[in-house]
Amino acid sequence: MSEQSKQSLTKKVLIGMFLGSIVGLTINILDLNTSDSFVNTYIVDGLFFVIGKMFINALKMLVVPLVFFSLICGVCGIGNINTLGRVGSKSLALYILTTAIAITLGISLAASVGIGEGMGLTSSAQFAVKTAPPISDVLINIIPTNPIKAMANGDMLPLIFFSILAGISLLMVGRKSKGLIEGAEVANEVMMKMVTIIMTVAPYAVFALIAKSMAELGFELLGQLAGYVMVLVSALLIHLFITLMIVLKLFSGLSPRVFLRKIRNAQVFAFSTASSNATIPVTLRTVTERLGVNNSVASFTVPFGATINMDGTAIMQGVATVFIANIYGVDLGLIGYLTVILMSVLASIGTAGVPGVGLIMLSMVFVQVGLPVEGIGLVLGVDRLMDMIRTVVNISGDAVVSTVVAKSEDKFDLAIYNDPYAGSNTNIKDLSIDESIEQELAEVIQETHEKS
Ligand code: ASP
């Protein structure tokens, strides 16, 4: 295959994103998006909404079976409980470490700039308090009473628990389970093929998702909250390009430049969907096929990270806490900020990576440190855009930790990491069915018919 065609999906997705931004911004600037207008009803809330939503549904559709089968294959691939335990504890430690660094960075940057001081901004936006689950519930709910229900609800931690247990048990049963393990491997491959098929429409879906978000963006609010937005975006970029890259280099010795180039595709999906969970299929594919992380590690670290690791969200909580504390003239003091750090880390463990969940976590933190929860209304207007950016940071953190853990466990393929074209060959052409396989299948079907 030519290098050009190998690159075409990433390029097309980036073009979709660029064109989507232009179209969305034009609609917004020309004010075509007023409620009841044709553009709003049929284009933004019609066409763009439907295409975007269908694509997100398609990604979500794959999450549960993909995590289930790839984890079973992963556990059977590792084949050793001690290694499994090491992968689990290393990734947990790194996820907590990076989240704690992230929130500390958010608080320090916001406090040193002094955002919100003397601003006295008032907002009519209301924020309804939602509560995040207490940590005891989170722990209890890791074990599902009904695995099918956990799957139906897409609850990631109980799903991970059940799949790992199933994988371990399959190994323990031994020779008799060979057929099931092989079946899980085939199912995993089939799920990955489905990701590939869905990815072929990604450029159009990304266009629709971005165009809708940009058309709805509150530019006046962006101006009003310029200080908050600038500090938050700077902290997110510092964490993505400096902190996480230092972690990558320090713990794995791998080139951050190669990493950043290869992770781009998954980042675009995180940005467009604002959901780490919906991005799991793409992150998993990128981490295994582009970065060279073995599925035995990635199948665990990626869904685990999408649920418990939210560096970008933690940064937002740090910056928003300082911002709103300053606006209300509340001095949180050292103990207050330490509580914020602790609460944010705990809250990120207990909540799934879906759009807007950061605000729920923020309300939990506010209640804990005694800040007025209505204050969240002040940042509500710009939160969608901030959510998109912080989700990029969230999934990048997952990918860094996956790479570091895989490298340390020798479950890593350096040749794939260094090959610029590895895993980038998603083209319509690649989706064709092998003619000989088609022939074979036809014969099998014919035989079955004859027998019956
Ligand atoms: N949307 C984020 C994620 O899915 C969570 C959040 O910050 O709201 O990772």
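Residue numbers for the sequence shown follow my numbering, so the first one is 122 and each next one is one higher. Don't be surprised by glycine CBs; every beta carbon is placed ideally from N, CA and C.
Do residue i and residue j have their CB atoms nearer than 8 Å?
i	j	result
Phe392	Val513	yes
Ala271	Pro279	yes
Tyr349	Ile236	yes
Ala473	Thr428	yes
Met313	Arg411	no
Ile141	Ala308	According to the sequence shown, residue 141 is Gly rather than Ile. No, Cβ-Cβ distance for Gly141 and Ala308 is not below 8 Å.
Val160	Leu168	no
Gly209	Asn416	no
Pro424	Met277	yes
Thr442	Val461	yes
Ile199	Leu291	no
Asn430	Asn515	yes
Val352	Val134	no
Thr155	Ser469	no
Would you list the residues sitting across from residue i in a DSSP beta bridge?
i	result
Pro533	Reading off the sequence, residue 533 comes out as Phe, not Pro. Its beta-bridge partners are Val414.
Can you tell me where the alpha helix (DSSP H) holding residue i begins and where it ends?
i	result
Glu571	Glu556 to Lys572
Ser191	Phe170 to Ile199
Ala221	Ile202 to Val234
Asp166	Premise fails: Asp166 is in no alpha helix (DSSP H) and is neither H nor E.
Glu310	Lys299 to Met320
Met366	Leu365 to Ser373
Met335	Ala323 to Glu337
Thr442	Asp432 to Ile448
Ile258	First, the amino acid is wrong: residue 258 is Asp here, not Ile. Element bounds for Asp258: Ile256 to Asn262.
Rank the options by C-alpha distance to the C-alpha of residue i and give the top, closest one.
i	options	result
Val521	Ser284, Leu455, Gln560 and Leu375	Leu375
Asp540	Ile558, Thr409 and Leu213	Thr409
Leu260	Lys174, Gly339, Leu153 and Leu467	Leu467
Val294	Cys197, Ser529, Ser334 and Leu342	Cys197
Ala419	Arg505, Asp508, Val525 and Thr394	Val525
Lys174	Asn201, Asn203, Ile516 and Ser396	Ser396
Met509	Leu357, Leu455 and Gly200	Leu357
Asp452	Gly275, Val490, Thr404 and Leu343	Val490
Ala305	Ile359, Ile289, Ser191 and Ser373	Ser191
Pro377	Met182, Val389 and Phe362	Phe362
Leu492	Gly145, Ile136 and Gly439	Gly439
Val475	Ile136, Thr442, Ile143 and Thr400	Thr400
Leu346	Phe283, Ile264, Met507 and Thr162	Met507
Ile384	Glu310, Thr155, Tyr542 and Ile217	Tyr542
State buried or exposed for residue i, treating a residue as buried only when at least 16 other CB atoms are found within 10 Å of its CB.
i	result
Asp519	buried
Ser257	exposed
Tyr458	buried
Gln402	The question names Gln, but residue 402 in the sequence shown is Pro. The residue is buried, with at least 16 neighbouring Cβ atoms inside 10 Å.
Ile222	buried
Leu371	exposed
Arg511	buried
Phe157	Correcting the residue identity first, residue 157 is Asp in this sequence and not Phe. By the 10 Å Cβ count, Asp157 comes out exposed.
Lys532	buried
Lys327	Reading the sequence as shown, one finds Val at residue 327 and not Lys. Per the 10 Å Cβ criterion, buried.
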